[in-house]
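Here the numbering used here is used: the first residue of the sequence shown is 28, the next is one more, and so on. The C-beta atom is built at its ideal place from N, Cα and C for all residues, glycine as well. Read the structure below first, then the notes.
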Amino acid sequence: QAITNLLALYQPDAIMHLAAESHVDRSISGPAAFIDTNITGTFTLLESARQYWLELGDKRKAAFRFHHISTDEVYGDLEPGLLFTEQTPYAPSSPYSASKAASDHLVRAWQRTYDLPVLITNCSNNYGPYHFPEKLIPLMILNALAGKPLPIYGNGQQIRDWLYVDDHVRALYTVLNSGRVGETYNIG
């Protein structure tokens, strides 16, 4: 009900859904929060958005967008020399990535079933100011500055793409304003 009240109060032209539990290691030790937030939370927001959208006048209804921000982790591990594309099959490898894949599928289903005008972006790992210190880049910097060992995950051969947060914001804004309804865009 709180979301419905906020939508009625502020009358947005778009919803940009960035809310998520996102720490892979925490998803392994406590997956329930990831299911609740990333799947059930997305469902709740989709339903509120759909009801709001249905009540809009024709012009506002045509312009409305539900922009779901996801992760490239839904594709699984990146093989050397390859890139993910929007057609790469999903192969989540953690409770986090599985919960985000499930939420992506919910968003697509709301577009196909209810014609809710959606956009999806699958983005690389972000870095930048105010980054949680448990995340890889700040953790490496803080450990290096403190003279502590730098953690190696698995065999250390994983490939990850990083995206500066300001660049991510510009890309999200571009997709929101220029993206085609029903499409998925990889950003990274």
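Buried or exposed: which applies to residue i, given that a residue is buried once 16 or more other Cβ atoms fall within 10 Å of its Cβ?
| i | result |
| --- | --- |
| T69 | buried |
| N65 | buried |
| Y200 | exposed |
| P122 | buried |
| V192 | exposed |
| L109 | exposed |
| R92 | buried |
| V196 | exposed |
| S56 | exposed |
| L143 | buried |
| T140 | exposed |
| I96 | buried |
| E48 | buried |
| L133 | buried |
| Y180 | exposed |
| S27 | The requested residue 27 does not occur in the structure, where the chain is confined to residues 28 to 215. |
| A128 | buried |
Am I right that residue i and residue j are in contact with their C-beta atoms under 8 Å? What's the rounded C-beta distance?
| i | j | result |
| --- | --- | --- |
| L146 | V202 | 6 Å |
| A125 | Y102 | 12 Å between Cβ atoms; not a contact. |
| I30 | H94 | Actually they are not in contact, since the Cβ atoms of I30 and H94 sit about 16 Å apart, beyond 8 Å. |
| N213 | E106 | With a Cβ gap of about 16 Å, N213 and E106 do not count as contacting. |
| Q185 | D104 | 7 Å |
| W137 | R87 | Going by Cβ atoms, the distance from W137 to R87 rounds to 18 Å, so no, they are not a contact pair. |
| Y79 | L34 | 4 Å |
| A90 | D40 | 6 Å |
Once the 5 residues before and after residue i are set aside, which same chain residues still bring their CB inside 7 Å of it?
| i | result |
| --- | --- |
| G174 | none |
| G215 | D99, C150, S151, D188 and L190 |
| L169 | P160 |
| P58 | P122 |
Identify, in the order they occur along the chain, each residue of the same chain with its Cβ nearer than 6 Å to the Cβ of residue i, setting aside the five sequence neighbours on each side.
| i | result |
| --- | --- |
| S130 | N65, I66 and T69 |
| L72 | H44 |
| H158 | P165 |
| V208 | P144 |
| N153 | L190, V192 and H195 |
| T115 | Y102 |
Checking contacts by CB at 8 Å: is residue i closer than that to chain B?
| i | result |
| --- | --- |
| I168 | In summary, chain B is missing from the structure at hand, where a single protein chain is found. |
In terms of DSSP beta bridges, what is residue i paired with?
| i | result |
| --- | --- |
| I219 | The structure shown does not extend to residue 219, since the chain is modelled only from 28 through 215, so no value can be given for it. |
* **Segments assigned beta strand (DSSP E), at least 3 residues, entirely inside the stretch 65 to 117** => 92 to 98
* Please go through the stretch 119 to 153 and give each complete alpha helix (DSSP H) segment of 4 or more residues, from N-terminal end onward. => 122 to 141
* **Continuous alpha helix (DSSP H) assignments of at least 4 residues falling wholly in the stretch 172 to 207** => 192 to 205
* Asked: Which ranges would you report for the alpha helix (DSSP H) in the stretch 37 to 67 if only whole runs of at least 4 residues count?
  -> 51 to 56 and 58 to 61
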